[in-house]
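Q: In short: position in the sequence shown from 1, add 18, done, that's our numbering.
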Amino acid sequence: MTGPDRIVACFRWRGAVALADRSEDYARAAHAVFSRAEAGGGKLVAWHAASFAVAFPPDGMESLVELLTGDDSPALGFSVGIAQGELGEIGGTGRMSFAWGPPLVMAWALARVARSGEVLVDPNIAAVRDERLLVRGSRIGLLGGARVRGVRLDVRHPWQPERGFPTVALVRARYLGQAPVAPPPGTLGLVTGRRGSGGTRWLEELAARERARRTLWLRPRLGEALGSLRRALARAKEAQAELDPALSSSLESVLAGEGLDLDTSSNLLAALLRREDSPGLVLIDDVEQIDADSLEAVVHAAKSGAFAVVARALDGLALPEALSHLTRAFEVELGPLESEQAVELVNQLSSGRLRGSEAKRWSARGGGLPLGILAALSDALESGELVLKEDASLKRTAKAGAFSPQQLLARRVRRWDPRVKTVLSGLAVLGGDSEEEELAALLGMMKEPPPSEEMLHALEAADLVLRDGARLMLPSATLGFVLTDALAEAERARLHRAAAAVLAGADQPLCAVAATVHSMLGGDVDRALPLARRGAGALRAGGLEDTAMAFEVFGESGEPSLVRHRGLFAGAHADRAGLQRSDVPPPPSMMPAPISDRPSRAPPPSGEVAAQRFVQALKHGDHAAMEVLASELRDDGTQHVVADRLEGMASLARGQVTDALRRLRSAKLGAQRLPPGDKSRAALALGVALASAGRGTEALLEGLEALARAREAHDQRGEIACARFLAQLSHAAGSEDAARTWTQVVEQTAAAQR
19 MTGPDRIVAC FRWRGAVALA DRSEDYARAA HAVFSRAEAG GGKLVAWHAA
69 SFAVAFPPDG MESLVELLTG DDSPALGFSV GIAQGELGEI GGTGRMSFAW
119 GPPLVMAWAL ARVARSGEVL VDPNIAAVRD ERLLVRGSRI GLLGGARVRG
169 VRLDVRHPWQ PERGFPTVAL VRARYLGQAP VAPPPGTLGL VTGRRGSGGT
219 RWLEELAARE RARRTLWLRP RLGEALGSLR RALARAKEAQ AELDPALSSS
269 LESVLAGEGL DLDTSSNLLA ALLRREDSPG LVLIDDVEQI DADSLEAVVH
319 AAKSGAFAVV ARALDGLALP EALSHLTRAF EVELGPLESE QAVELVNQLS
369 SGRLRGSEAK RWSARGGGLP LGILAALSDA LESGELVLKE DASLKRTAKA
419 GAFSPQQLLA RRVRRWDPRV KTVLSGLAVL GGDSEEEELA ALLGMMKEPP
469 PSEEMLHALE AADLVLRDGA RLMLPSATLG FVLTDALAEA ERARLHRAAA
519 AVLAGADQPL CAVAATVHSM LGGDVDRALP LARRGAGALR AGGLEDTAMA
569 FEVFGESGEP SLVRHRGLFA GAHADRAGLQ RSDVPPPPSM MPAPISDRPS
619 RAPPPSGEVA AQRFVQALKH GDHAAMEVLA SELRDDGTQH VVADRLEGMA
669 SLARGQVTDA LRRLRSAKLG AQRLPPGDKS RAALALGVAL ASAGRGTEAL
719 LEGLEALARA REAHDQRGEI ACARFLAQLS HAAGSEDAAR TWTQVVEQTA
769 AAQR
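Encoded structure:
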């Protein structure tokens with residue numbers, strides 16, 4: 019029996035209802051529940067001496083949950099089961115009817131398993147799968163030998179918060195860990211540790227303790243030569259009045275993105291940071307990702323004794339060669355907090371609502387690392403696993419084991435609203451540090467609106483974005499890496515190409531350098547080469563000779579190693595930066611103006627040309643290029659079937675046979691309205707995938723259909739490809755006579771073609 023989709027709640031009374039002194043209790047409670055259910059859109063669909071069921075329309079979940087979770091809910095005396103599906107009506111009209119269907123059976127079974135006052139929900143309900151309904155574990159029971167499983171609705175906090183980020187309940191804790199110290203002037207202090215061990219906070223605490231000293235912060239700036247230093251100097255502009263006119267002019271040049279030679283940069287730094295009463299301090303975060311020009315200027319200037327340098331580095335990564343020219347005063351290695359400190363951090367973050375064993379449990383979840391503990395609490399708050407009330411806490415489950423900060427952040431990212439992920443991913447692709455206008459332009463290239471002020475305020479309140487005027491920054495490099503890791507490779511490439519388009523149109527001379535790097539990271543070497551030549555000229559004019567040479571070499575040969583060595587990739591995914599021109603599919607047309615006098619690129623390739631380029635990428639084993647090509651064909655809006663087919667073949671090349679079959683079946687279905695040649699190619703591709711899956715009979719049928727379509731299209735090359743496939747298939751099946759026959763077809767067709 020079929021019928022409309024309905025949410026069914028079955029209410030079962032616990033107790034001996036047959037006894038006279040209890041039956042009236044059941045009747046009163048049932049009447050109260052039914053009255054409220056009817057007011058919320060429910061309809062009585064089943065009745066029994068000890069139970070009854072009410073059905074709600076598909077959009078009635080909120081009304082049902084409100085009925086079940088109110089403080090004065092009459093449903094609290096029942097065991098309740100909830101399921102959803104098609105419900106057929108047997109008879110009845112108006113307020114009541116008799117119905118039957120799978121959701122009624124499932125709801126009744128769950129009510130039988132549930133304890134008194136407990137609400138068990140079918141885990142297949144969409145609201146549970148989407149985590150809109152919050153649950154507290156599950157319950158399993160046996161009914162007549164059948165296993166019944168339901169998840170327990172959290173009747174105190176049933177709904178996932180709809181707005182904002184619950185992490186705003188966390189407060190910034192005071193510093194816990196090794197006391198920071200500064201090295202003597204002219205020397206280097208090194209802070210090492212794994213990601214999330216608190217190195218950035220260590221630097222912040224040092225800056226706070228040494229606030230009397232003039233301090234300069236260097237952070238990575240993706241793609242921009244001298245970019246880290248330019249960003250740092252923008253914050254020190256208040257000291258410009260103390261400079262002589264020549265150095266003041268040099269500062270303006272740096273801030274305008276024009277570059278500055280090593281000696282002048284060093285003199286400028288020394289003049290800005292030197293004070294009679296105290297030497298300055300340069301703090302460098304993620305030192306392995308700082309561009310070489312900025313780092314060399316700092317090291318050269320530090321030798322004058324005008325300031326000390328403290329750098330944070332990751333365990334296991336080689337230090338930049340420039341640092342070897344400074345005397346190392348000390349090296350501090352950070353690791354997990356002491357047990358007492360970790361518990362205290364949880365206590366402080368939760369404003370004292372998590373203490374003792376509870377605090378210890380959450381500190382263990384984060385592996386004892388400061389960022390890990392913060393990420394563990396944030397993840398639990400956003401998933402609904404943990405609720406922080408005014409003076410207490412509530413946990414729903416007790417997941418065991420420790421997680422790395424990256425794992426916990428990845429869980430959070432998967433849960434965020436798509437719009438939030440789009441904005442933060444765009445910021446991450448820009449290096450985690452961008453002007454609002456720059457981010458808005460990038461999003462515009464991707465046909466996305468810029469973030470509203472309300473959204474930026476919410477992200478800032480949740481510690482997902484730091485704001486400094488019009489400047490936006492991610493709070494940690496770890497979050498940036500997690501965000502870019504979460505992007506599909508083709509999507510990440512498109513974002514880098516869009517960033518290149520934005521930067522190529524900027525008026526700062528060195529923006530051509532950043533545009534080159536983003537083009538490289540997007541695999542668009544054809545666009546990167548002319549940009550590199552333009553960038554090399556700007557670098558040489560700015561006195562940055564070594565980086566200019568690296569770009570000249572890249573512009574001539576396409577070899578990216580020297581550019582990488584200059585620290586301009588800032589830890590970004592650079593696996594596509596070395597692709598050669600013949601391996602790279604044409605980029606989408608999104609540049610605001612031609613970069614050089616070379617003609618602009620043609621529109622996206624035809625299906626035939628795309629297939630040829632796809633084969634070229636397949637020969638080189640370049641799966642990323644295959645996906646980007648397919649993605650661009652899909653973006654064109656006219657070649658979805660070709661895109662489906664190429665994506666399916668890319669999945670097959672990676673060994674993902676199930677995914678390949680799904681995509682190639684879709685491609686064949688979409689080709690039904692296309693000419694015979696397209697139908698032939700779609701059937702042949704599906705046949706190849708079926709053969710790879712060991713489904714020889716189905717593969718044979720697809721191959722024969724592909725051959726028939728190729729002949730209908732008078733496509734001799736297609737006939738040859740199909741016959742060759744059938745010969746290989748026959749040989750694999752041990753049918754040598756059939757294999758010889760198909761081989762003869764190949765030879766005869768090829769001879770006729772000549």
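In this text, a Cβ means the ideal position worked out from N, Cα and C, and glycines have one as well.
Under three-state DSSP, which class holds Glu453?
A: If DSSP states are grouped into helix, strand and coil, Glu453 belongs with the strands.
Q: Can you list, in chain order, the residues of its chain whose CB lies under 8 Å from that of Gly561, leaving out five sequence neighbours each side?
A: Only Gly277, Leu278, Asp279, Leu280 and Thr282 meet the Cβ criterion.
Q: Pull up the distance between the alpha-carbon of Ala488 and that of Leu457, whole angstroms please.
A: Taking the straight line joining both Cα atoms gives about 11 Å.
Q: So which of Arg485, Ala243, Arg213 and Leu392 has the shortest CA-CA distance to Glu351?
A: Residue Arg213 is the option with its Cα nearest to Glu351.
Q: Can you list, in chain order, the residues of its chain whose CB lies under 6 Å from that of Arg24, leaving out five sequence neighbours each side?
A: Excluding positions up to five away in sequence, the list reads Ala73 and Leu105.
Q: According to DSSP, is Leu586 helix, strand or coil?
A: The answer is coil: DSSP assigns Leu586 none of H, G, I, E or B.
Q: Three-state secondary structure (DSSP) at Glu104?
A: Correct three-state label for Glu104: strand.
Q: Alpha carbon to alpha carbon, how far is Arg599 from Gly576?
A: Any reading at Arg599 needs caution, since the residue's pLDDT is 39, under 50, leaving its predicted position unreliable; the model's value is listed next. Taking the straight line from one Cα to the other gives about 8 Å.
Q: Can you give me the C-alpha to C-alpha distance between Glu223 and Tyr193, rounded to a whole angstrom?
A: About 7 Å.
Q: Are the CB atoms of Gly705 and Gly721 within a distance shorter than 9 Å?
A: Closer than 9 Å, so yes.
Q: Secondary structure at Phe743, three-state DSSP: helix, strand or coil?
A: Note: Phe743 maps to helix in three-state DSSP.
Q: Using 8 Å as the threshold, is the segment 556 to 570 in touch with the segment 535 to 544, meaning 3 or more CB pairs across them?
A: Too few Cβ pairs lie closer than 8 Å, so no.
Q: Thinking Leu171 and Leu151 are a contact (beta carbons under 8 Å), I'd like their distance in whole angstroms, please.
A: Leu171 to Leu151, Cβ: 7 Å. Contact.
Q: Measure the CB-CB distance between Ala393 and Leu337 and report whether it falls below 9 Å.
A: Taking 9 Å as the Cβ cut-off, Ala393 and Leu337 do not qualify as a contacting pair.
Q: Considering only the alpha carbon of each residue, which of Asp481, His658 and Leu477 lies closest to Leu692?
A: Residue His658 is the option with its Cα nearest to Leu692.
Q: Using alpha carbons as the reference points, say which of Leu482, Ala200 and Gln746 lies closest to Arg793.
A: Nothing can be reported for residue 793: it is not among the residues displayed for the chain, which extend from 19 to 772.
Q: Roughly how many angstroms lie between the CA atoms of Ala446 and Ala724, to the nearest whole one?
A: Distance between the alpha carbons of Ala446 and Ala724: 45 Å.
Q: Determine the burial state of Ile100: buried for a count of at least 16 other Cβ atoms within 10 Å of its Cβ, exposed for fewer.
A: Buried.
Q: Quick check on the burial criterion: 16 or more other C-beta atoms within 10 angstroms. Buried or exposed for His536?
A: Burial call: buried.
Q: On a Cα-Cα basis, can you pick out the residue from Thr440, Trp760 and Leu708 that is closest to Met463?
A: For Met463, the nearest C-alpha among the options comes from Thr440.
Q: DSSP three-state label for Ser97, please.
A: In the structure shown, Ser97 sits in a strand (DSSP, three-state: E or B).
Q: Locate the alpha helix (DSSP H) running through Gly159, then write down its first and last residues.
A: Not the alpha helix (DSSP H): Gly159 falls in the beta strand (DSSP E), residues Val153 to Leu161.
Q: With three or more beta-carbon pairs closer than 8 Å as the criterion, would you say the segment 61 to 79 touches the segment 162 to 169?
A: Flag = no, the segment 61 to 79 and the segment 162 to 169 do not touch.
Q: Give me, in chain order, the residues of the same chain whose beta-carbon lies closer than 6 Å to that of Gly553; leave out the 5 immediate sequence neighbours on both sides.
A: Here the set comprises Ala530, Val531, Thr534 and Phe569.
Q: Determine the closest residue to Pro334 out of Ile302, Val316 and Gly211, with distance taken between C-alpha atoms.
A: This sequence places Gly at residue 334; Pro is not what is there. Of Ile302, Val316 and Gly211, the residue nearest in Cα terms is Gly211.
Q: Among Arg437, Lys321, Val153 and Ser81, which one has its Cα closest to the Cα of Ser53?
A: The shortest Cα separation from Ser53 among Arg437, Lys321, Val153 and Ser81 belongs to Ser81.
Q: How would you label Phe587, buried or exposed, when you count the other beta carbons within 10 angstroms and need 16 or more for buried?
A: Buried, because 16 or more other Cβ atoms sit within 10 Å of the Cβ of Phe587.
Q: On a Cα-Cα basis, can you pick out the residue from Val153, Asp677, Ala703 and Thr676 that is closest to Ala689?
A: If we check each option's Cα against that of Ala689, Ala703 comes out closest.
Q: Are the CB atoms of Ala254 and Asn285 nearer to each other than 9 Å?
A: Their beta carbons are not under 9 Å apart, which means Ala254 does not touch Asn285 by this criterion.
Q: If you draw a straight line from the C-alpha of Ala590 to the C-alpha of Ala226, how long is it?
A: Approximately 30 Å between the Cα atoms of the pair.
Q: Grouping DSSP H, G and I as helix and E and B as strand, with all else coil, what is Leu247?
A: If DSSP states are grouped into helix, strand and coil, Leu247 belongs with the helices.
Q: Are three or more beta carbon pairs between the segment 380 to 387 and the segment 350 to 367 nearer than 8 Å?
A: Touching, yes.
Q: Enumerate, from N- to C-terminal direction, the unbroken alpha helix (DSSP H) stretches of 4 or more residues contained entirely within the segment 671 to 704.
A: You should have 675 to 688.
Q: Is any heavy atom of the ligand GTP found at a distance shorter than 8 Å from the C-beta of Leu352?
A: The ligand GTP is absent from the structure shown, which contains no ligands of any kind.
Q: Can you tell me which of the three DSSP states Asp662 falls into?
A: Three-state DSSP puts Asp662 in a helix.
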